[in-house]
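In my numbering, each number is its position in the sequence shown, counted from 1, plus 854.
Every residue gets a Cβ at the ideal spot worked out from N, C-alpha and C, and that includes glycine.
These numbers were taken from a predicted model, which means no experiment stands behind them.
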Amino acid sequence: MKDDREKWARIRIVMIGTVFGLLFLSVAGRAFYLQILQHEILVKRADKQHQHKVDLTTGRGSILDHNGTILAESIHMDSCYAEPHRINDVEGTAGVLAPILGISKNELAAKLSADRTFTWIERYLAPEVATRIKNMKLPGIGFVPESKRFYPNMEIAAHVIGFTGRDPNGLEGIELKYDSTILGNTGYMITERDALGRNIGIMNTVIKDSSPGKSVVLTLDKTIQFITEKELAKAVKESNAKNGMALVMESDTGRVLAMANYPTFNPNSYSRYPYAQVRNRAVADSYEPGSTFKVFTIAAAIDSGRIKATDVYNCENGTYRIADRTIHDDHPQSRLSVSDIIKYSSNIGAAKIGFKMGEERLFTYLRNFGFGERTGIDLPGESPGNLKRHWYGIDLATISFGQGVSLSAIQLGTALSAVANGGNLMKPYLVEQILDDNGTVVQKFEPQIVRRVISPETARKVTKMMETVTGPGGTGMKAALDGFLVAGKTGTAQKVDPVTHTYSPTKRIGSFVGFVPADKPKLTIVVVIDEPQGVRYGGVVAAPAFRGIAQSSLAYLKIQPNLPTTAITKLADSQPAPVPAVDSLSDGDAENMTIDGGAMPNFKGMSMRRVLQVMEKRGINIRLIGSGRATEQSPPSGQKIRGTGEVWIKFVPSA
């Protein structure tokens, strides 16, 4: 019996010893796992629990114009933060800071009493405000230096430069397109917390400073940009237009010297503006070009050998019926040379040249000019425009004079430069150099030839034709310059009504495109005015802006006149330019020019100049036929101008 008890006692001792042995081994194994195998992971986790990383805004590289003028830069400013757990008197601190920062006391008190170890109070304080708060030495209130984007020239080149957010990542323009290049390395600082997450103070040094990114040098010239913006704003305001855009390029290289939109905006406070106002319409928007497109139709036809510059076409006295549609000319003529088709902007002549070309051949040339595809300019959001691959019915005729096709201003300027420089399509570009933070060039961009579009001989012939547009009797006389030959083309295109999806009887786009000097082209200039009021013709609303941009830019570039002063510019200043064609067609005889619903004035006996003045004053738009003095009109004087039926005035030369 005694032996049995001793036996069970030994068994219990062994069992208890085994249990304790196993427990010891498990504790030792766990300790080995945590202290040896998981050491690095647990150290990082511990750091994360008692340290808080605060990212600091990086310093972006600068954006400069061609001459080194700063267009965008990062400036250092103090940002104010709070450590709520260190603030004992929340109400008192909020009461002192709120008036200085210009924010609500209650809003500030909520931030200061938040159950957080770190919170921003105000970013990018003005120096005097930061100094004033620092001198108060308030417990729990601290500062850290950050970089803020600043645009010293306000609105100048705003649509090209773009802007950044607080991140500070680029949101538009060059700031967005070259964001990874301009953006520097982000810095950070560390805050310390105890085991309960309570703040025990900021480490007094920034662990990693932010470093600046690379700087970008643009092809833009600030002076030419200013000239372009000034003349565009003047044109839009004087015509009471919806908006406008303008572009200046070097004809030979594709370098963009100026790109303007009006209305514009201040990138320092971009959030105050609607998106439509900050969008770069010269790149992102496409529109139907109207008569400016005739240049490329005729260039293609001459280059292909389908027509000769000396050919003459029957322009059907201003009315040409194709199937169930009718094409109109505002200057009815029986026969016109190819040069006069450009000079007088004949829709019928352009349509007949288009028929000579044929769909496949014309499409190929237009695509080679860059229409229907992006130019590749170094800006975000570029529109490819629209050039249909398959044409039906009347498409060949209407596309020939710029209706049924859409393009952007940068596409138009690039294609026109190919005519100016002798036939080479150049890739447009805005960034010329990239510099490191020491100012050393790390990358340089050179002009790029995309392809040859037309021969130098064709380009020379088309240029001579375009010179007649700004000569006596041309539709672009208001673009003429003393001492320089100007090659240009007017355009007045109908807009598509977004509601009815048909061409609007009232909304127009007036444009003028050209290059100067025509004999040795340096600058290609595009001016587009959207929905001008009153007189809507491109030769009236856009040509003067072209002239102003060209005249001031040539003087600034010290390009001397090489021709004697003529009377053309004086004539252009003294009277309205001849009325160019409105690029339109109608179903049967339903052509309707713009009307205001009032009574038809008595125009009989008036000169064309006087008729244009009355039209502008009354806000009506009437088809003008012939030249000289008015002899007939429809409807008769005193009758109401209605929304259907033809509204016209016929002129005959004075005896």
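What did DSSP end up calling residue i once you bin it into helix, strand or coil?
| i | result |
| --- | --- |
| ASP1033 | helix |
| GLY1364 | strand |
| GLN889 | helix |
| ALA926 | strand |
| GLN1131 | helix |
| ASN1222 | helix |
| ASN1097 | strand |
| GLY1235 | coil |
| LEU1168 | A small fix is needed here, since residue 1168 is Asn in this sequence, not Leu. In this structure, ASN1168 counts as strand in the three-state DSSP scheme. |
| GLU860 | helix |
| PHE1338 | strand |
| VAL1350 | strand |
| ARG1003 | strand |
| GLU1300 | coil |
| LEU951 | helix |
| LYS1458 | coil |
| ASP1106 | coil |
| LEU1289 | strand |
| LEU1266 | helix |
| ALA1138 | helix |
Assuming residue i and residue j make a contact with CB atoms under 8 Å, what is their CB distance in whole Å?
| i | j | result |
| --- | --- | --- |
| PHE1119 | TYR1127 | 4 Å |
| GLY1277 | THR1312 | 7 Å |
| LYS1197 | GLY1328 | 5 Å |
| GLY1016 | LEU1025 | 7 Å |
| ALA1204 | PHE1150 | No, ALA1204 and PHE1150 are not in contact; Cβ-Cβ is about 10 Å, not under 8 Å. |
| ILE1248 | ILE1176 | 5 Å |
| MET1280 | VAL1304 | 7 Å |
| ALA1163 | LYS1210 | Actually they are not in contact, since the Cβ atoms of ALA1163 and LYS1210 sit about 13 Å apart, beyond 8 Å. |
| VAL1367 | LEU1266 | 6 Å |
Taking the alpha carbon of residue i as the point to measure from, which residue in the options has its own alpha carbon closest?
| i | options | result |
| --- | --- | --- |
| TYR1391 | LEU1339, THR1146, GLU860, VAL950 | THR1146 |
| ALA1012 | HIS1185, ASP1336, SER1001, GLY1027 | GLY1027 |
| GLN1257 | THR1346, GLN1287, VAL1323, THR1329 | THR1346 |
| ASP1592 | GLY956, HIS939, GLY994, LEU1072 | In the structure as shown, the chain begins at 855 and stops at 1509. Residue 1592 is therefore absent and cannot be evaluated. |
| THR925 | GLY883, GLN1079, LEU877 | At residue 925 the sequence reads Leu, which differs from the Thr that was named. Nearest option by C-alpha distance: GLN1079. |
| LEU992 | SER1271, ILE1081, GLU937 | GLU937 |
| GLU1000 | GLU894, ILE929, SER967 | ILE929 |
| ASP1033 | SER1158, SER967, ILE1403, PRO1234 | PRO1234 |
| LEU918 | CYS934, PRO1006, GLN889 | PRO1006 |
| PRO1022 | PRO1066, ALA980, GLU982, SER1200 | PRO1066 |
| LYS959 | THR947, ASP969, ARG970 | THR947 |
CA-CA distance, residue i and residue j?
| i | j | result |
| --- | --- | --- |
| LEU962 | TYR1124 | 26 Å |
| ALA1100 | LYS1088 | 12 Å |
| ALA1334 | ALA984 | 56 Å |
| PHE1004 | MET931 | 11 Å |
| PRO1490 | LYS1343 | 34 Å |
| ALA1153 | PHE1217 | 13 Å |
| GLU1085 | VAL1395 | 11 Å |
| ASN1240 | GLU1009 | 31 Å |
| LEU1377 | PHE1369 | 5 Å |
| ALA1112 | ARG1401 | 15 Å |
| THR1356 | THR1180 | 15 Å |
| PHE972 | VAL944 | 15 Å |
| ALA1251 | PRO1455 | 35 Å |
| ASP1290 | GLY913 | 13 Å |
| VAL1381 | PHE1225 | 18 Å |
| GLN1297 | LEU1220 | 33 Å |
| TYR887 | VAL873 | 21 Å |
| LYS1374 | THR1485 | 44 Å |
| PRO1415 | PHE1338 | 6 Å |
| ILE1495 | TRP1502 | 11 Å |
| THR1018 | PRO1121 | 8 Å |
| GLU894 | ARG884 | 16 Å |
| SER835 | HIS939 | No answer is possible for residue 835: it lies beyond the span of the chain, which begins at 855 and ends at 1509. |
| ILE1449 | GLN1387 | Note that ILE1449 has pLDDT 34, beneath the 50 cutoff, so the model's placement of it is unreliable and no number is given. |
| ALA1114 | GLY1492 | 44 Å |
| ASP835 | LEU1411 | This structure leaves residue 835 out entirely; the chain is present only between 855 and 1509. |
| ALA952 | ILE987 | 11 Å |
| ALA1372 | SER1309 | 17 Å |
| MET1103 | VAL1285 | 13 Å |
| GLU1227 | GLY1364 | 23 Å |
| VAL1192 | TYR1167 | 7 Å |
| PHE997 | TYR935 | 6 Å |
Quick one: complete alpha helix (DSSP H) runs, 4+ long, within the segment 1362-1420? 1392-1395, 1397-1410
Extract the residue ranges of the alpha helix (DSSP H) inside the segment 961-1000, only unbroken runs of 4 or more that lie entirely within it. 981-990
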